[in-house]
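Enquirer:
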Amino acid sequence: MQEEQEFIKKLLNPKTQNEAFKELLLEYQRPLYNHIRNIVLNHDDADDVLQNTFVKVFQYLKNFKGESKLFSWMYRIATNEALTFLNQKSKINGISSEELQNKTIDNLQADVFFDGNEIQLKLQKAIANLPQKQQLVFKMKYFEELKYEEISEILGTSVGALKASYHHAVKKIEAFVTVN
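Letter 114 of the sequence shown, counting from 1, is numbered 114 in UniProt numbering, and no numbers are missing.
Next comes the structure, spelled out in structure tokens:
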């Protein structure tokens, strides 16, 4: 934790800020991109949201209180940015967020950055049918292999509630995959 506090000081110091931000990008760009991509599904959209995320991190770093890990704080920003992006995109297209997600999944096969097979597409469709909170918990636990404690910090939800959400999500996904 002391090491992280020193790093944050470097990020806030105008003399060391640029170098520290490069380090931050190197460390977190890939995991944040993967996290965002799991939410928005589209590569180009994920790139846009990732860029917005780092702008917000840079903009609000001075307000970071250190009550959670920097990683968790950045993931929370990325999650919020991705969800806001999806909500705005569905409004612009005049469709519900569920319809937008189903449309995006249908386009996954044509996405050159998606190398999944039929089973993975079926899994994505099953996930799209979950409530938003269950989707987030499932993706963070299953795809990103985050611990419940980390997800709890990111989403601001108790570990017990997360375990219940994950359990319900798994049951619903199993039911969807077996029926379809």
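For every residue, glycine included, the Cβ atom is placed at its ideal position computed from N, Cα and C.
1. Helix, strand or coil for N42? Go by DSSP, reduced to three states.
2. Using CA atoms only, rank isn't needed, just tell me which of K141, L123, A161 and G156 is closest to T178.
3. Please say whether I173 and E128 have beta carbons closer to each other than 8 angstroms?
4. Would you mind reading off the limits of the alpha helix (DSSP H) that contains K69?
5. Would the beta-carbon of H168 fall within 8 angstroms of that of Q134?
6. Considering only the beta carbon of each residue, do T53 and E81 sit closer than 8 angstroms?
7. Would you mind giving the Cβ-Cβ distance between E153 and S68, rounded to the nearest angstrom? I have them listed as a contact below 8 angstroms.
8. Determine, using beta carbons only, whether I151 and V137 come nearer to each other than 8 angstroms.
9. Do we get a CB-CB distance below 8 angstroms when we pair P131 with the residues of chain B?
10. In whole angstroms, what is the alpha-carbon distance linking L32 and H43?
Expert: Answer, in terms of the structure:
1. coil
2. L123
3. The sequence shown places Ala at residue 128, rather than the Glu named in the question. In this structure, I173 does not lie closer than 8 angstroms to A128 by Cβ.
4. No alpha helix (DSSP H) contains K69, which DSSP labels as neither H nor E.
5. yes
6. yes
7. 5 angstroms
8. yes
9. Of the chains in the structure shown, none is chain B; there is only one protein chain.
10. 13 angstroms
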